[in-house]
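Quick note on numbering: the sequence shown equals residues 1 to 825 in the UniProt record's numbering.
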Amino acid sequence: MAEAHQAVAFQFTVGPDGIDMQLCHEALRQIYLSGKHSWKKRFIRFKNGVMTGVYPGSPSGFLVVVVSYMSGTKYAQLDPSLGLITKLGTHIPISPYMSEDSQRVVGGVLVGTGLWVTIIFIMRNALKCLLSWHGWMYNRHGSVSWGTRLWILFVKLFSGRKPMLYSFQSSLPRLPVPPVKDTCRRYLESARPLMDDEQYVRMEGLAGEFEKNLGPRLQWYLKLKSWWASNYVSDWWEEYIYLRGRGPIMVNSNYYAMDFLYAFPSHIQAARAGNVIHAIMLYRRKLDRIYLLANKVPLCSAQWERMFNTTRIPGQETDTIQHVDESKHIAIFNKGRFFKVWVFYDGRLLLPREIEQQMERILADKSEPQEGEEYLAALTAGERTPWAKARETYFRSGKNKQSLDAIEKAAFFVTLDDSEQKYETDNPVKSLDSYAKSLLHGKCYDRWFDKSFNLIVFKNGTMGLNAEHAWADAPIIGHLWEQVLCMDPLELGYTEEGHCNGEPHPNLPGPQRLQWDIPAECQSTIQSSLKFAQALADDVDSHIYPFTDFGKGLIKKCRTSPDAFIQIALQLAHFRDKGKFCLTYEASMTRLFREGRTETVRSCTMETCAFVRSMIRDETREERMRLLKEASEKHQNMYREAMIGKGIDRHLFCLYVISKYLGVDSPFLHEVLSEPWRLSTSQTPMQQVELFDLVKHPHYVTSGGGFGPVADDGYGVSYIIVGEDLINFHISSKHSSPETVCLHVLQFHLDMLLCHVCNFGFTVLSLSLSLSLPLSLSLSLSRTPTASWVTLNRPCWNLRVCLTSTRKPSSDFFSPNLKKIKQTI
Numbered sequence: 001m002a003e004a005h006q007a008v009a010f011q012f013t014v015g016p017d018g019i020d021m022q023l024c025h026e027a028l029r030q031i032y033l034s035g036k037h038s039w040k041k042r043f044i045r046f047k048n049g050v051m052t053g054v055y056p057g058s059p060s061g062f063l064v065v066v067v068s069y070m071s072g073t074k075y076a077q078l079d080p081s082l083g084l085i086t087k088l089g090t091h092i093p094i095s096p097y098m099s100e101d102s103q104r105v106v107g108g109v110l111v112g113t114g115l116w117v118t119i120i121f122i123m124r125n126a127l128k129c130l131l132s133w134h135g136w137m138y139n140r141h142g143s144v145s146w147g148t149r150l151w152i153l154f155v156k157l158f159s160g161r162k163p164m165l166y167s168f169q170s171s172l173p174r175l176p177v178p179p180v181k182d183t184c185r186r187y188l189e190s191a192r193p194l195m196d197d198e199q200y201v202r203m204e205g206l207a208g209e210f211e212k213n214l215g216p217r218l219q220w221y222l223k224l225k226s227w228w229a230s231n232y233v234s235d236w237w238e239e240y241i242y243l244r245g246r247g248p249i250m251v252n253s254n255y256y257a258m259d260f261l262y263a264f265p266s267h268i269q270a271a272r273a274g275n276v277i278h279a280i281m282l283y284r285r286k287l288d289r290i291y292l293l294a295n296k297v298p299l300c301s302a303q304w305e306r307m308f309n310t311t312r313i314p315g316q317e318t319d320t321i322q323h324v325d326e327s328k329h330i331a332i333f334n335k336g337r338f339f340k341v342w343v344f345y346d347g348r349l350l351l352p353r354e355i356e357q358q359m360e361r362i363l364a365d366k367s368e369p370q371e372g373e374e375y376l377a378a379l380t381a382g383e384r385t386p387w388a389k390a391r392e393t394y395f396r397s398g399k400n401k402q403s404l405d406a407i408e409k410a411a412f413f414v415t416l417d418d419s420e421q422k423y424e425t426d427n428p429v430k431s432l433d434s435y436a437k438s439l440l441h442g443k444c445y446d447r448w449f450d451k452s453f454n455l456i457v458f459k460n461g462t463m464g465l466n467a468e469h470a471w472a473d474a475p476i477i478g479h480l481w482e483q484v485l486c487m488d489p490l491e492l493g494y495t496e497e498g499h500c501n502g503e504p505h506p507n508l509p510g511p512q513r514l515q516w517d518i519p520a521e522c523q524s525t526i527q528s529s530l531k532f533a534q535a536l537a538d539d540v541d542s543h544i545y546p547f548t549d550f551g552k553g554l555i556k557k558c559r560t561s562p563d564a565f566i567q568i569a570l571q572l573a574h575f576r577d578k579g580k581f582c583l584t585y586e587a588s589m590t591r592l593f594r595e596g597r598t599e600t601v602r603s604c605t606m607e608t609c610a611f612v613r614s615m616i617r618d619e620t621r622e623e624r625m626r627l628l629k630e631a632s633e634k635h636q637n638m639y640r641e642a643m644i645g646k647g648i649d650r651h652l653f654c655l656y657v658i659s660k661y662l663g664v665d666s667p668f669l670h671e672v673l674s675e676p677w678r679l680s681t682s683q684t685p686m687q688q689v690e691l692f693d694l695v696k697h698p699h700y701v702t703s704g705g706g707f708g709p710v711a712d713d714g715y716g717v718s719y720i721i722v723g724e725d726l727i728n729f730h731i732s733s734k735h736s737s738p739e740t741v742c743l744h745v746l747q748f749h750l751d752m753l754l755c756h757v758c759n760f761g762f763t764v765l766s767l768s769l770s771l772s773l774p775l776s777l778s779l780s781l782s783r784t785p786t787a788s789w790v791t792l793n794r795p796c797w798n799l800r801v802c803l804t805s806t807r808k809p810s811s812d813f814f815s816p817n818l819k820k821i822k823q824t825i
């Protein structure tokens with residue numbers, strides 16, 4: 001292993017002949033280049049800060065306004081300022097030394113500047129008013145109303161020429177505080193399908209009492225906060241939901257993102273790491289220079305600020321988020337050892353082949369882990385309080401603090417994993433399950449779960465991410481991941497042998513091995529955290545299902561929202577598994593408002609339940625289609641309301657926090673917030689940045705990502721709609737709960753097919769399901785003269801469905817993945 005060169009800029013010795021000083025020109029050159037890079041970065045940040053601060057104005061706009069104003073007053077012989085220019089010119093401290101013309105010019109510049117600032121203020125507030133209108137969300141798919149067209153026109157008019165990432169921050173409206181009455185009404189509506197009459201009457205009474213008595217008082221304080229803070233939810237949400245939790249963040253909070261499903265750009269671990277690390281650092285450069293373009297619809301970009309150089313610091317009562325402005329290195333873990341790798345040299349970012357060279361040096365290192373080093377990261381996987389105490393006791397000084405700082409202040413964390421993971425066509429279920437669990441928790445000691453995100457590169461070149469949740473939500477990491485997945489094979493590329501393009505650097509200093517001095521007491525704490533974390537990881541039952549029978553394209557032909565379709569199918573699957581409905585969480589975003597994060601969509605509605613019951617009963621096709629349409633429209637309206645600040649749970653959460661500050665108890669709030677989310681769902685956004693066409697590159701589809709179950713007796717379901725014909729599902733639960741078996745959600749595939757059959761006018765006559773797993777399902781309905789048999793073959797199950805119709809099935813109903821179609825009359 002080539003250790004980092006200990007370059008010293010100068011050294012001197014004192015001897016009988018005097019002082020002998022020696023200078024290292026290479027070290028001085030590196031110091032100069034490093035300083036030059038830092039000052040250049042500061043200048044760019046200053047310039048971008050000014051550009052963002054005066055948005056939607058610009059320096060060129062300033063010149064136009066000032067010159068036009070002064071030219072107009074000179075040639076028209078008019079003074080619109082009513083003598084203000086002359087008065088300003090004469091009151092300048094150096095006016096006695098200036099001519100009248102000079103005084104007039106200076107006064108004109110000052111008045112013109114004031115006029116420019118006024119125009120910016122008017123445009124900014126006009127833009128804020130425009131962005132407060134959300135009527136465009138209620139247009140039917142494929143149609144744009146005249147009101148929306150005018151709205152788009154005026155937003156473009158007031159947005160300036162080239163808005164950057166943070167340009168709209170000061171123009172975004174604040175998240176509105178909904179009336180208590182409306183929130184209580186929406187809550188009761190969402191709770192009705194989950195309660196019997198007696199429970200509902202009781203909850204109705206609690207809500208009415210809260211609405212009349214304590215609610216208005218709490219609402220007054222909350223409105224006061226909303227006038228003062230940029231967002232009345234986000235700071236409390238981050239603190240009380242994420243940072244104050246004392247349980248492990250591994251599985252419970254962190255989430256993962258996966259590599260390509262079908263494509264394997266390189267089988268060489270070091271090469272894949274080289275390209276991807278370089279691509280991530282290029283993304284950080286764009287982020288630092290705010291070259292990332294704003295969305296077509298302006299959204300809050302505040303969460304991007306802490307993507308890099310960020311870590312979660314444990315505390316005994318609450319954690320904190322530590323973010324440093326600049327970091328020029330990354331932290332690497334491999335075979336129980338930690339390394340620090342500089343990603344800049346000669347004042348520039350290392351090229352992919354040079355980063356590969358550094359990874360090769362680490363992989364070739366045969367040294368053994370130091371005492372206590374191998375399992376050190378298990379502290380971040382266990383409970384937070386023991387980690388906080390250990391950090392305060394054993395890592396506050398000396399080499400331990402220096403090495404811990406190298407990890408916590410790194411741009412991000414990289415694990416060169418010694419296992420192999422990838423999608424295997426001959427064993428897709430088992431291979432994807434193993435892949436997902438490795439990304440979610442690994443070995444519990446080979447991920448630094450506190451870092452903003454971990455890049456995991458496996459031995460065979462497959463990769464993935466594990467992200468901490470407190471600093472940002474999944475769409476932010478998803479934006480980075482899409483850019484990286486596009487840049488890796490399509491822009492950076494590899495040689496025929498699988499190496500990065502380019503040549504190694506002959507003089508590049510090697511990685512630096514981090515040094516530790518971990519006493520026996522600390523090692524005992526590490527082992528306790530590891531044991532706790534391993535028990536949690538072993539309890540996770542996680543499965544991934546690539547659904548290829550049909551996708552977004554066919555669902556849209558049914559004039560149904562793909563997200564609503566999947567949520568309704570999930571309710572059908574859960575009802576068939578449990579015989580009852582449950583409180584269901586779907587994440588929605590509130591980034592249409594400043595510093596917005598998420599809101600909850602309670603997707604188990606009366607309309608959805610009515611459709612589910614119609615699928616259980618022998619209802620007509622027309623009735624099922626009507627109920628499906630109503631359920632879908634209801635779900636879409638709820639999603640829209642959540643996005644525009646008319647949700648339920650964030651408002652009630654903030655009222656609950658205020659009640660605790662005031663020391664008052666609310667039975668209504670306590671009961672609402674203690675309800676378990678037994679079905680927690682989230683859709684992974686896809687192609688937030690349209691970098692490549694999936695039609696032209698069908699193999700470059702990703703499996704998306706997932707998370708652990710929120711409730712001990714519930715499911716966590718993440719899904720990603722990829723292209724037109726693929727939906728990937730990530731389903732998690734706990735082995736220890738007798739209420740949850742992820743394999744039961746295999747029935748979910750069948751329910752999606754049944755929903756689709758209902759939409760196309762088919763009736764299910766009979767089906768048979770054979771499994772290699774302990775799962776059974778049967779359904780039998782009456783036959784009719786015309787029938788169509790469909791056989792679905794899966795790696796672990798086989799399904800045969802008999803369909804009937806009074807008309808010939810459309811050709812696009814059957815996807816190429818249906819192995820056998822036999823029509824019988």
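C-beta atoms are modelled at their ideal positions from N, C-alpha and C, and glycine is treated no differently.
The alpha helix (DSSP H) spanning residue i covers which residue range?
{"i": "Val612", "result": "606-616"}
{"i": "Val484", "result": "474-487"}
{"i": "Gly347", "result": "That residue, Gly347, is in no alpha helix (DSSP H); it is neither H nor E in DSSP."}
{"i": "Gly205", "result": "197-212"}
Since residue i is in the beta strand (DSSP E), which residue starts that stretch and which ends it?
{"i": "Ile568", "result": "Looking at the DSSP string, Ile568 is not in any beta strand (DSSP E); the run it does join, the alpha helix (DSSP H), is 562-578."}
{"i": "Asn637", "result": "Premise fails: Asn637 lies in the alpha helix (DSSP H), 621-643, not in any beta strand (DSSP E)."}
{"i": "Tyr255", "result": "255-258"}
{"i": "Gln683", "result": "679-683"}
{"i": "Thr600", "result": "598-602"}
{"i": "Phe168", "result": "Neither: Phe168 is in no beta strand (DSSP E) and is coded neither H nor E."}
What do you get for residue i, buried or exposed, if any count of 16 or more other CB atoms within 10 angstroms of its CB means buried?
{"i": "Pro519", "result": "exposed"}
{"i": "Thr213", "result": "Here the sequence assigns Asn to residue 213, which means Thr is not the residue at that position. By the neighbour-count rule (16 or more Cβ atoms within 10 Å), Asn213 is not buried but exposed."}
{"i": "Lys340", "result": "buried"}
{"i": "Arg384", "result": "buried"}
{"i": "Phe43", "result": "exposed"}
Distance, Cα to Cα, residue i vs residue j?
{"i": "Lys696", "j": "Gln421", "result": "26 angstroms"}
{"i": "Val311", "j": "Gln303", "result": "Note that residue 311 corresponds to Thr in the displayed sequence, not to Val. Taking the straight line joining both Cα atoms gives about 14 angstroms."}
{"i": "Lys451", "j": "Leu652", "result": "31 angstroms"}
{"i": "Tyr200", "j": "Arg285", "result": "54 angstroms"}
{"i": "Tyr585", "j": "Gly442", "result": "27 angstroms"}
{"i": "Ser588", "j": "Ala535", "result": "32 angstroms"}
{"i": "Thr804", "j": "Leu726", "result": "Interpretation of Thr804 is limited by its pLDDT of 42, a score under 50 that renders its predicted location unreliable; the figure taken from the coordinates is listed afterwards. Cα-Cα distance, rounded: 26 angstroms."}
{"i": "Tyr715", "j": "Gly553", "result": "27 angstroms"}
{"i": "Gln247", "j": "Cys444", "result": "It should be noted that the sequence gives Gly, not Gln, for residue 247. Between Gly247 and Cys444, the C-alpha separation is close to 15 angstroms."}
{"i": "Phe338", "j": "Lys401", "result": "14 angstroms"}
{"i": "Tyr394", "j": "Pro369", "result": "18 angstroms"}
{"i": "Lys409", "j": "Asp433", "result": "32 angstroms"}
{"i": "Arg272", "j": "Arg202", "result": "59 angstroms"}
Quick check on DSSP: helix, strand or coil for residue i?
{"i": "Leu662", "result": "helix"}
{"i": "Asn454", "result": "strand"}
{"i": "Trp342", "result": "strand"}
{"i": "Tyr240", "result": "helix"}
{"i": "Gly706", "result": "strand"}
{"i": "Trp146", "result": "helix"}
{"i": "Phe550", "result": "coil"}
{"i": "Ser718", "result": "strand"}
{"i": "Lys557", "result": "helix"}
Quick one: is residue i near chain C, going by C-beta distance under 9 angstroms?
{"i": "Gly208", "result": "Although the question refers to chain C, the structure presented lacks it and comprises just one protein chain."}
I want to check one thing, is the minimum distance from the CB of residue i to the heavy atoms of the ligand MN below 8 angstroms?
{"i": "Glu383", "result": "This structure lacks the ligand MN; in fact it carries no ligand of any kind."}
Completely contained alpha helix (DSSP H) runs for the stretch 285-334, where each covers 4 or more residues: none
Mind listing, in chain order, the continuous alpha helix (DSSP H) runs of no fewer than 4 residues lying wholly within the stretch 392-464? 398-408, 428-440
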